[in-house]
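What follows is a short report on a single structure.
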Amino acid sequence: MDSINVFKGYGKVSLEQPNPPPPNHLHRRRRFIVASLAVFLTLAIGSLIAVLICESATESDKPEPSSQLASNSAASLKIVCAVTRYPETCFSAISPLNSPPSNSPLRFFNLSLHAGAAQVSSLISLANETKAEAAVKDCAELFDDAASQLARSAESISVGSSSSGEKVLTEMRISDLQTWISAAMTDQETCVDGLEEMGSTAVDEFKVRVQKSQEYMSNSLAILNNIHSLFAKFGLTMP
Ligand SMILES: *[C@@H]1O[C@H](CO)[C@@H](O)[C@H](O)[C@H]1NC(C)=O
Ligand SMILES: *[C@@H]1O[C@H](CO)[C@@H](O)[C@H](O)[C@H]1NC(C)=O
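Counting with the UniProt record's numbering, you get residues 1 to 239 for the letters of the sequence shown.
Right under this line is the structure:
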C-alpha cells in the first residue's frame, strides 16, 4: 500500500509541475540521450557480468594453487610430511602440537624437533628406571646428549626471530641443524649397538623405542633438507 502511494505521490508531483512541453527538437535530443545512456549502461553491465563469469570460471578451472592449500593447516602438514620417510609418524606426531594451526614449514620443523625431544625424554626415563646394567647406564648418557642436541637445535631457530630482522634459516644454520640432529641419531644408534654387544636383557625394549625416536628425527631431517622447496611450494618466503 505504502509503495503504491509513494508512486502515486511522485506521479502527482510530476503532473503538477508547471513544466511547459519542450520544443520538439529538444525533446527528441533528450530522448536520444536517454536511449544512448540506456544502451551504454546495458553494455557496461553486460561486460562486467561477462568478466565476472569468465573470472570465476577460470578460477574453478585452475588447479588449486598451493598457497590456497597452505591455508588449510592439516593439508599443509600432509604436504610437509610427504617429504619424510615416515609420513604417518610425522603427521601423528606433529598434528597434536599444531595449535594454533600453522602453515609455516619452519613451525612444522620446530614442532617435529619438540616431538623428537619428547621421545628422547621418555627414553631417558626408561634408561633411568633400568639403570642396573652398565650398558643401560651408557644409554642414559647418550640419550642425555641427544636431548642436548635437540634442545640446541630448537634454541637456534628461536634466536634468529623475524623481529630482530635476522634471517633464521641461513645456510650456516641449516648445516648446523643437520649436524646436531644427525648427532642425536648417532647417540641413539650407539646405545642400541652397546646393548647388543653387551647382550643386555633390555635390548629388545630399547630397540623398539629407539626405532620410533629415530623415525621422528629422520623426519625432522627430511623437513629440514626440503625446507627451501616447501617454502616455495607454499608461496612463502624463507624466514
Ligand atoms: C635420570 O637420572 C639422572 C641422573 O641419575 C637425573 O639427573 C635425571 O633427572 C633423570 N631423568 C629422568 C627423566 O628421570
Ligand atoms: C617451537 O615450538 C615450541 C613449542 O610449541 C614453542 O614454545 C617455541 O616458541 C617454538 N619456536 C619457534 C621458533 O617457533
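Backbone N, C-alpha and C define an ideal beta-carbon position, used for all residues, glycine too. Quantities reported herein were computed from a predicted structural model and do not represent experimental measurements.
Query raised in the report: Any heavy atom of ligand 2 closer than 8 Å to the CB of ILE94?
Result: No, the beta carbon of ILE94 sits no closer than 8 Å to any heavy atom of ligand 2.
Requested in this report: Check whether the Cβ atoms of HIS114 and ALA154 sit closer than 9 Å, and answer yes or no.
Outcome: It is a contact, given that the beta carbons lie within the stated cut-off.
Query raised in the report: If you draw a straight line from the C-alpha of ILE49 to the C-alpha of PRO105, how long is it?
Result: Model confidence at ILE49 stands at a pLDDT of 47, short of 50, so the residue's coordinates are unreliable and nothing is read from them.
**Report entry** GLU189, enclosing alpha helix (DSSP H) - first and last residue
**Finding:** From DSSP, the alpha helix (DSSP H) with GLU189 extends over 171-197.
Query raised in the report: Mind checking whether ASN103 and SER121 have CB atoms under 9 Å apart?
Result: Their beta carbons are not under 9 Å apart, which means ASN103 does not touch SER121 by this criterion.
Query raised in the report: By Cβ distance below 7 Å, which residues in the same chain neighbour PHE109 in space, the five residues on each side in sequence not counted?
Result: Within its own chain, the residues whose Cβ lies closer than 7 Å to the Cβ of PHE109, once the five positions on either side in sequence are excluded, are SER220, ILE223, LEU224 and ILE227, listed in chain order.
Query - At least 3 beta-carbon pairs within less than 8 Å: the stretch 135-150 vs the stretch 192-200 - result: Under the Cβ criterion (8 Å, minimum of three pairs), the stretch 135-150 counts as touching the stretch 192-200.
Query raised in the report: Just to check, is the beta-carbon of SER76 closer than 8 Å to a non-hydrogen atom of ligand 2?
Result: False, no ligand heavy atom lies under 8 Å from that Cβ.
Query raised in the report: If you measure from the CB of SER148, is any heavy atom of ligand 1 nearer than 8 Å?
Result: Checking the 8 Å criterion, the Cβ of SER148 is out of range of every heavy atom belonging to ligand 1.
Query raised in the report: Can you tell me whether DSSP reads ALA146 as helix, strand or coil?
Result: Secondary structure of ALA146 (DSSP, three-state): helix.
Requested in this report: Tell me, please, whether the stretch 229-239 touches the stretch 78-93 by the rule of three or more beta-carbon pairs shorter than 8 Å.
Outcome: As far as the Cβ criterion goes, the stretch 229-239 touches the stretch 78-93, which means the pair count is three or higher.
Query raised in the report: Going by alpha carbons, who is nearest to THR89 out of GLY235, GLU215 and LEU236?
Result: For the residues GLY235, GLU215 and LEU236, the minimum Cα distance to THR89 belongs to GLU215.
Requested in this report: Kindly indicate which three-state DSSP category ASN72 falls into: helix, strand or coil?
Outcome: Coil.
**Report entry** LEU221 in three-state terms, based on DSSP
**Finding:** Correct three-state label for LEU221: helix.
Query - Neighbour-count burial assignment, VAL159, 16 or more Cβ in a 10 Å radius - result: Label assigned to VAL159: exposed.
**Report entry** Buried/exposed call for SER99, threshold 16 Cβ in 10 Å
**Finding:** By the neighbour-count criterion, in which a residue is buried when 16 or more other Cβ atoms sit within 10 angstroms of its Cβ, SER99 is exposed.
Query raised in the report: With DSSP run on the structure shown, which of helix, strand or coil describes THR89?
Result: DSSP places THR89 in helix when its eight states are reduced to three.
Query raised in the report: In whole angstroms, what separates the C-alpha of GLN188 from that of SER148?
Result: Their Cα atoms are separated by approximately 13 Å.
Query raised in the report: What residue from LYS167, ALA183 and MET185 has the CA that sits closest to MET238's CA?
Result: It is LYS167 whose Cα lies nearest to the Cα of MET238.
Report task. Determine the direct distance from the alpha carbon of ASN128 to that of ALA183, and round the result to whole angstroms. Result -> ALA183 and ASN128: Cα-Cα distance of roughly 21 Å.
Query raised in the report: What is the rounded straight-line gap between the Cα of SER175 and the Cα of ILE181?
Result: Per the coordinates, the alpha-carbon of SER175 lies some 10 Å from the alpha-carbon of ILE181.
Query raised in the report: Over what stretch of residues does the alpha helix (DSSP H) that includes LEU230 continue unbroken?
Result: Here the alpha helix (DSSP H) through LEU230 covers 227-233.
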